[in-house]
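Novice: Residue numbers (full-length UniProt numbering), protein chains in the order written: chain E, 1 to 463; chain P, 1 to 463.
Don't be surprised by glycine CBs; every beta carbon is placed ideally from N, CA and C.
Number of protein chains: 2
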Amino acid sequence: MDALEDAVSESETLQRLQALLEPEDASSASSAEAINLLLASLDARETARVVCELPTEQQADLLSRLTPEDAVGLLEDLPEVTAIEAVEALSAEDAAAIVHELPSDDQADLIGAMDATAAAAVLAELDEDEAERIAELAAYPEDTAGGLMATEVVALRDIATVETTLRRLRAGATRLRDLDVQYAYVVAKGRRLVGVLRLRDLLVAEEASRLADIMIADPLSISATMPLEELVAFFDEHAFIGVPVVDSEERLVGTVSRRAVDEASEEQASSDYRRSMGVVAEELRSMPTLRRSRMRLAWLSVNIVLNVIAASVIAFYQDTLSQVIALAVFLPMISDMSGCSGNQSVAVSMRELSLGLLRPTEWLRVWSKEAGVGLINGLVLGGLLGTVAAFYAGNLWLGVVVGGALAVNTLVAVLLGGVIPLALKLAKVDPALASSPLLTTVTDMCGFFAALSLATLLLDKLL
Amino acid sequence: MDALEDAVSESETLQRLQALLEPEDASSASSAEAINLLLASLDARETARVVCELPTEQQADLLSRLTPEDAVGLLEDLPEVTAIEAVEALSAEDAAAIVHELPSDDQADLIGAMDATAAAAVLAELDEDEAERIAELAAYPEDTAGGLMATEVVALRDIATVETTLRRLRAGATRLRDLDVQYAYVVAKGRRLVGVLRLRDLLVAEEASRLADIMIADPLSISATMPLEELVAFFDEHAFIGVPVVDSEERLVGTVSRRAVDEASEEQASSDYRRSMGVVAEELRSMPTLRRSRMRLAWLSVNIVLNVIAASVIAFYQDTLSQVIALAVFLPMISDMSGCSGNQSVAVSMRELSLGLLRPTEWLRVWSKEAGVGLINGLVLGGLLGTVAAFYAGNLWLGVVVGGALAVNTLVAVLLGGVIPLALKLAKVDPALASSPLLTTVTDMCGFFAALSLATLLLDKLL
Numbered sequence: 001m002d003a004l005e006d007a008v009s010e011s012e013t014l015q016r017l018q019a020l021l022e023p024e025d026a027s028s029a030s031s032a033e034a035i036n037l038l039l040a041s042l043d044a045r046e047t048a049r050v051v052c053e054l055p056t057e058q059q060a061d062l063l064s065r066l067t068p069e070d071a072v073g074l075l076e077d078l079p080e081v082t083a084i085e086a087v088e089a090l091s092a093e094d095a096a097a098i099v100h101e102l103p104s105d106d107q108a109d110l111i112g113a114m115d116a117t118a119a120a121a122v123l124a125e126l127d128e129d130e131a132e133r134i135a136e137l138a139a140y141p142e143d144t145a146g147g148l149m150a151t152e153v154v155a156l157r158d159i160a161t162v163e164t165t166l167r168r169l170r171a172g173a174t175r176l177r178d179l180d181v182q183y184a185y186v187v188a189k190g191r192r193l194v195g196v197l198r199l200r201d202l203l204v205a206e207e208a209s210r211l212a213d214i215m216i217a218d219p220l221s222i223s224a225t226m227p228l229e230e231l232v233a234f235f236d237e238h239a240f241i242g243v244p245v246v247d248s249e250e251r252l253v254g255t256v257s258r259r260a261v262d263e264a265s266e267e268q269a270s271s272d273y274r275r276s277m278g279v280v281a282e283e284l285r286s287m288p289t290l291r292r293s294r295m296r297l298a299w300l301s302v303n304i305v306l307n308v309i310a311a312s313v314i315a316f317y318q319d320t321l322s323q324v325i326a327l328a329v330f331l332p333m334i335s336d337m338s339g340c341s342g343n344q345s346v347a348v349s350m351r352e353l354s355l356g357l358l359r360p361t362e363w364l365r366v367w368s369k370e371a372g373v374g375l376i377n378g379l380v381l382g383g384l385l386g387t388v389a390a391f392y393a394g395n396l397w398l399g400v401v402v403g404g405a406l407a408v409n410t411l412v413a414v415l416l417g418g419v420i421p422l423a424l425k426l427a428k429v430d431p432a433l434a435s436s437p438l439l440t441t442v443t444d445m446c447g448f449f450a451a452l453s454l455a456t457l458l459l460d461k462l463l
Numbered sequence: 001m002d003a004l005e006d007a008v009s010e011s012e013t014l015q016r017l018q019a020l021l022e023p024e025d026a027s028s029a030s031s032a033e034a035i036n037l038l039l040a041s042l043d044a045r046e047t048a049r050v051v052c053e054l055p056t057e058q059q060a061d062l063l064s065r066l067t068p069e070d071a072v073g074l075l076e077d078l079p080e081v082t083a084i085e086a087v088e089a090l091s092a093e094d095a096a097a098i099v100h101e102l103p104s105d106d107q108a109d110l111i112g113a114m115d116a117t118a119a120a121a122v123l124a125e126l127d128e129d130e131a132e133r134i135a136e137l138a139a140y141p142e143d144t145a146g147g148l149m150a151t152e153v154v155a156l157r158d159i160a161t162v163e164t165t166l167r168r169l170r171a172g173a174t175r176l177r178d179l180d181v182q183y184a185y186v187v188a189k190g191r192r193l194v195g196v197l198r199l200r201d202l203l204v205a206e207e208a209s210r211l212a213d214i215m216i217a218d219p220l221s222i223s224a225t226m227p228l229e230e231l232v233a234f235f236d237e238h239a240f241i242g243v244p245v246v247d248s249e250e251r252l253v254g255t256v257s258r259r260a261v262d263e264a265s266e267e268q269a270s271s272d273y274r275r276s277m278g279v280v281a282e283e284l285r286s287m288p289t290l291r292r293s294r295m296r297l298a299w300l301s302v303n304i305v306l307n308v309i310a311a312s313v314i315a316f317y318q319d320t321l322s323q324v325i326a327l328a329v330f331l332p333m334i335s336d337m338s339g340c341s342g343n344q345s346v347a348v349s350m351r352e353l354s355l356g357l358l359r360p361t362e363w364l365r366v367w368s369k370e371a372g373v374g375l376i377n378g379l380v381l382g383g384l385l386g387t388v389a390a391f392y393a394g395n396l397w398l399g400v401v402v403g404g405a406l407a408v409n410t411l412v413a414v415l416l417g418g419v420i421p422l423a424l425k426l427a428k429v430d431p432a433l434a435s436s437p438l439l440t441t442v443t444d445m446c447g448f449f450a451a452l453s454l455a456t457l458l459l460d461k462l463l
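Structure below.
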C-alpha cells in the first residue's frame, strides 16, 4: 500500500514539475520559487526518480531556472550519465555558471565526460585561469590520481611559525570553514612538498615552533599518473584519509582522498558485475527505448557469433546425433554445467588478482590448484549426470558418454576459467568484460566435441 | 622475467619463513627478531601471498611469536577468512592479547566471526569491562550501524568553554594524537548527544565561548540498528565523513565513518559479483582442495537439478527432434542467447534498485520499459538466427521456427529478468545469488518449449 501511495504521489510530483516548466510560466520569478519548494520537499532518491523521468531538454530547462548553487545540488542527486547529458543540453553560459560552482575534481570529471565541442564551449565561457586549470585536470585519465584528485588544499610554508599560521588561519576563517579538509601540506620554495600537518595538531603545538619542526617530514606522496589499482593498494597499505599528489617535479598539485578512491573502485566493481552480465554502457530505463536496445544489441551480436561457432561442432556431428537422439537432451546440460564450473574459477581468479594474491603470470600456480578441484567436481558431477543419462536411455554406455564428457569438460573449464582472467590482464583487456563469453564459447565447443566424438567412437554400443 | 624473479624470491622467502618457524628455533629470541626482519622487508601483498601459503597452524605459530602490536599489523594484511582462522588456531591467551590491540570495530568483527566456543574463550581472557564492551558490539549484525561503528570518540560536555576544552585536549595530547578523529561530539548530561564540533574549528573560536554556543546543534545522528543499505543512502545524501550513532535512548554510543560504509558496500558489491558466478563462500586457492571442491559443489548441485528440469522439455519432444535433427544444433543457441538478454535486464534492475531509481513493487514500470527493448531485440536476433537456420537446413520453415522461438523467448527473458530481482527483494532473498539460475532455468524451458512445440505444429513443412 505504501509503495503504491508513493508511486501515486511521485507521478503527481512529476506532473506538477512539468506544469511549472511550461513555457508560459518561463519568465515568472514565482515559478523558480515554486520549483525550489517542490524539489526541497523531495529526498535525493525521489529527486533522482522524478527528474530522470523528464526528457533531457526539460532537465536542462529545470537546471537553467535554478541558481547555479541549487543546480549543483540537483546534479549531485542524479545518476552520472543523466547529469552529463542535462548539462550538455544547456547553453554554454548556463553550463559554465554551474561548472564554476563545482569542486575541482567534479569540474574536471564533468568537462572530461562531456562531448568535446560542448566542453570547449563551456571552457570558453569561464575565466581564463579557471578554464586552464580545469582543462589541465581533465587531461588526466579518469581513473588515475590526477583524475581523482581535488586541487583545494591548504598549503603552508615550512618557515612559518605556529603563531603566524594560527593568526592567518583565523583571518581566513570563512574560507577554511568552507574547505572541508583536515590536513595542511607544508611546502618549501617553489611549492615543493616537504611535510604534512594535521590542522588539529596546531591546537596542541607550542606557538613559537616553526611548521618545519612540528610537521611530519618527508611525507608519502604519489604521482599524478598513479592508476586506480595502485591507489587502492596504497590505501590498503596505509591508513590515510588522503594523500598529497605531486607532479613530475615534486610540486604539490592536489590531494586524493580515500573516499574518492573507494568510490571509484566501488563503481568499478559494480560496473564489472554489470559487464559480466552484458550491460556495457550505463543504461537507465529512463533512456529512450531505441538507444537502450542498441546498447544491448552490441553485446548480444558478439554473443550470437560465438554461439554459432560453438554450435558448428554439433552440426559437424549431426549424423551421430540423429542416431543417438537422447544425446540432444544432455548436450545443453553438459555445456551449461561446465560453463558454471568455469565461471567459478574465473571469479576466484578475479578476486585473487584484485586482492593481490595472484600475479597475471602465475598460470602454473592456478593450474596446480585447480586441477584437484576440477578432477573431484568432474567425477562427482559426471557420475551424477551419467547415472541420470543411463537410466533415461536404459543404456549404460550413454551414461558413460554423458558422464565422461561432463567430467572431462569440467576439468577443462576450471583450468581454462582460472587462467583466462590472467591472460586478458596481460593482454590489457578488461577481464570482467571478456572472460565469461570467451570461456563459455570454448567450454561449449569442448563439451559438444567430447560428448559427440565419444558417442561416435562408441556408436555400436549406443544403438 | 620480473614476475618470474619475484616468484622465485617469494618461494625463497616462504622457505626461510618456514625454517624460522621450525620447532628447534621456537624459543630463541633471535628467531622472533629474524621473523620481524623478514616480514618488514615485504609489502602488504607480498606478506599476504607468503603467509597464505602457510598451513593454518603455522600461521597461528607465526602470530604467537610476534608482539601483539606486530601481530595486528600482520593480520591487517591478510584476507579476512585467513585472519579469522589463524586467530582461532591460537591459544585463547595469545588471541586475547591480539584482540586487545585491535580498534573497537575490528574487535567486534573478529569476535563475531569466530567460532562461538573460541570467541567465548578469548573473551574470558580479557578484562571484564573490555569483554562486555566487545560482546555488546559483536551482538549488532555485521552490516548495521552498530556493527560498523567505532566506539573511540571524543565526547565533550556542552557547558565546557573553549578555553578549558583546549587545556584539557593539550593535557591529553598523546591520547588525542593516537585517536585519528577530526570531530568531537558534544553531549549533555547522561551522554545525550546535543551537538557536533570540528576539532579544527576550535582553532578559530573565541576562548570564552561555551561549546554549546559554537557547536552545530541538533546534529544528524543515526540509530545503531540502521542497515547498510540505508547507511549508503545516508552518505549519498550527506557529504559527511562520519556520523554519530545513538542507542534507543539517544545516548552517544559511537561513530560510523563513511570509510567503513564504503568498504562494507564495496565488499558487498564484489561479493554480489562472485555470487552471480556461483562462488558463494570466501574461497581462496590457498585453502585445502577438498574444502574448495565442496564449497563449489554446493552451488553446482543446485544447478544440475535446475538443468535437469529444463532439459526435461527436450525429452518430452524427443520424437519431433529425431525427425528434425537440425533443430538440435539451434536449441543450445536459443537458450543461451535468451539467457544473455535476460541477464542484461537483471543487471539493469539490480543497478536501478541500488541507485534507488526503482522500488521492488514497480514491476509494471519495468515491464512497460522492457517490452519495447525485448520486442526490438527479439526481432533483430530472431531475424539473424532464423536466416542462419534457413540457409543451414535449406528450409525456410526451419528459419521461421528458430527465429520465432528466439524472438518470443527474448521478450519473455527480458520481461522476466527485469522483475526477478524485484520479486526476490520483496521475498527477502538475495537477488545477486538467485536471479541468474532462476532466470536461465525458466528461459531454457521456455526456449526449448517454443522451438519444439512450434516445430511439432509445422512438422510436415519441416520434413
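With a Cβ-Cβ cutoff of 7 angstroms, do I334/E and G447/E count as a contact?
Specialist: Their beta carbons are under 7 angstroms apart, which means I334/E touches G447/E by this criterion.
Novice: For T151/E, which option in Q107/E, G399/E, L321/E, L126/E has the closest C-alpha, if you only look at C-alpha atoms?
Specialist: Of the candidates Q107/E, G399/E, L321/E, L126/E, the one whose C-alpha sits nearest the C-alpha of T151/E is Q107/E.
Novice: Within the same chain, show all residues whose beta-carbon is closer than 8 angstroms to that of L381/P, passing over the 5 residues directly before and after it, in chain order.
Specialist: Excluding sequence neighbours, L381/P sits near M337, S341, L406, A407, T410.
Novice: Threshold first: 4 residues or longer. Then list the alpha helix (DSSP H) segments lying entirely within the UniProt domain "CBS" (215-271) of chain E, N to C.
Specialist: The qualifying runs are 228-237.
Novice: Compare the C-beta of P332/P with all C-beta atoms of chain E and state if any pair is closer than 7 angstroms.
Specialist: Yes, its Cβ sits closer than 7 angstroms to a Cβ of chain E.
Novice: By the criterion of Cβ-Cβ separation under 7 angstroms, what are the contact partners of T255/P in chain E?
Specialist: Going along chain E, no residue has its Cβ under 7 angstroms from T255/P, so there is no contact; the nearest lies around 14 angstroms.
Novice: Tell me whether I359/P sits in a helix, a strand or coil according to DSSP, three-state version.
Specialist: In the sequence on display, residue 359/P carries Arg and not Ile. Coil, per DSSP.
Novice: Taking 7 angstroms as the CB-CB cut-off, is D430/P touching chain E?
Specialist: No, no contact with chain E.
Novice: Beta-carbon separation of G374/E and V329/E under 7 angstroms?
Specialist: No, they are not a contact pair.
Novice: Would you identify the three-state DSSP class for V194/P, choosing helix, strand or coil?
Specialist: Three-state result, V194/P: strand.
Novice: Going straight from the alpha carbon of S41/E to that of L231/P, what length do you get?
Specialist: The straight-line gap from Cα to Cα measures roughly 21 angstroms.
Novice: Can you find the residues in the same chain that come closer than 8 angstroms, C-beta to C-beta, to E46/P, ignoring five residues on each side of it along the sequence?
Specialist: E10, T13.
Novice: Note down, in chain order, every chain P residue with its Cβ under 7 angstroms from the Cβ of V81/E.
Specialist: Those within 7 angstroms of V81/E in chain P number zero; the least Cβ separation is about 11 angstroms.
Novice: Determine the DSSP secondary structure at A150/E, reduced to helix, strand or coil.
Specialist: In this structure, A150/E counts as strand in the three-state DSSP scheme.
Novice: If the cut is a Cβ gap below 8 angstroms, which residues of chain E does M337/P touch?
Specialist: Ordered by position in chain E, the residues that pass the 8 angstroms Cβ test against M337/P are L300, N303, I304, N307.
Novice: For D115/E, I'd like the list of residues in its chain whose CB is within less than 8 angstroms of its CB, leaving aside the five on either flank, ordered along the chain.
Specialist: E88.
Novice: Grab me the residues of D127/P's own chain with a C-beta within less than 8 angstroms of its C-beta, minus the 5 sequence neighbours each way, in chain order.
Specialist: Result list for D127/P: empty, nothing under 8 angstroms.
Novice: Closer than 9 angstroms, Cβ to any Cβ of chain P: which residues of the segment 439-452 of chain E, in chain order?
Specialist: Here the close residues are T440, D444, F448.
Novice: Grouping DSSP H, G and I as helix and E and B as strand, with all else coil, what is Y392/E?
Specialist: DSSP places Y392/E in helix when its eight states are reduced to three.
Novice: Please determine if the segment 353-365 of chain E and the segment 313-320 of chain E are in contact, where contact requires at least 3 C-beta pairs separated by less than 8 angstroms.
Specialist: No, the segment 353-365 of chain E is not in contact with the segment 313-320 of chain E.
Novice: What residue does the alpha helix (DSSP H) around L162/E start on, and which one ends it?
Specialist: One detail in the question is off: residue 162/E reads as Val in this sequence, not Leu. Counting along the chain, the alpha helix (DSSP H) containing V162/E begins and ends at 162-171.
Novice: Alpha helix (DSSP H) containing T313/E: first to last residue?
Specialist: The residue you asked about is not Thr; residue 313/E is Val in the sequence shown. Note, V313/E: alpha helix (DSSP H), 289-316.
Novice: For P244/E and V186/E, what's the separation of their Cα atoms in angstroms?
Specialist: C-alpha separation (whole angstroms): 11 angstroms.
Novice: Closer than 9 angstroms between beta carbons: that is the criterion. Which residues of the segment 211-234 of chain P meet it against chain E?
Specialist: Cβ contacts with chain E: A233.
Novice: Answer with yes or no whether the minimum CB distance from S9/E to chain P is below 7 angstroms.
Specialist: Output row for S9/E: interface = no.
Novice: Which bits of chain P does S91/E rub up against, with CB to CB less than 9 angstroms?
Specialist: Simply none; closest approach about 28 angstroms.
Novice: Pick from D201/E, T164/E, E130/E: whose alpha carbon is nearest that of A171/P?
Specialist: Among D201/E, T164/E, E130/E, the Cα nearest to that of A171/P is on D201/E.
Novice: Between L398/P, A119/P, Q344/P, A217/P, which lies nearest to L459/P when the distance is taken from Cα to Cα?
Specialist: Checked all of L398/P, A119/P, Q344/P, A217/P; the closest Cα to L459/P is L398/P.
Novice: Can you check whether the C-beta of S270/E is within less than 7 angstroms of a C-beta belonging to chain P?
Specialist: Answer yes: the Cβ-Cβ gap between S270/E and chain P drops below 7 angstroms somewhere.
Novice: Using the C-alpha atoms, what's the distance from M226/P back to A426/E?
Specialist: Note that residue 426/E is Leu in the sequence shown here, rather than Ala. L426/E and M226/P: Cα-Cα distance of roughly 43 angstroms.
Novice: From what residue to what residue does the alpha helix (DSSP H) around A188/E run?
Specialist: Counting along the chain, A188/E falls outside any alpha helix (DSSP H), though it belongs to the beta strand (DSSP E) covering 183-188.
Novice: Taking 7 angstroms as the cut-off, decide whether the C-beta atoms of L90/E and A60/E are in contact.
Specialist: Taking 7 angstroms as the Cβ cut-off, L90/E and A60/E qualify as a contacting pair.
Novice: For G112/E, collect the residues of the same chain with a Cβ closer than 6 angstroms to its Cβ; drop the 5 residues on either side in sequence, then sort them by chain order.
Specialist: Excluding positions up to five away in sequence, the list reads A138.
Novice: Can you tell me the Cα-Cα spacing of L203/E and D77/P, whole angstroms?
Specialist: Cα-Cα distance, rounded: 33 angstroms.
Novice: Check whether the Cβ of T289/E lies closer than 7 angstroms to any Cβ atom in chain P.
Specialist: Judged by the 7 angstroms Cβ criterion, T289/E is in contact with chain P.
Novice: Write down the C-beta distance between L306/E and T443/E rounded to the nearest angstrom, noting that I regard them as a contact closer than 8 angstroms.
Specialist: So it is not a contact: roughly 11 angstroms between Cβ atoms.
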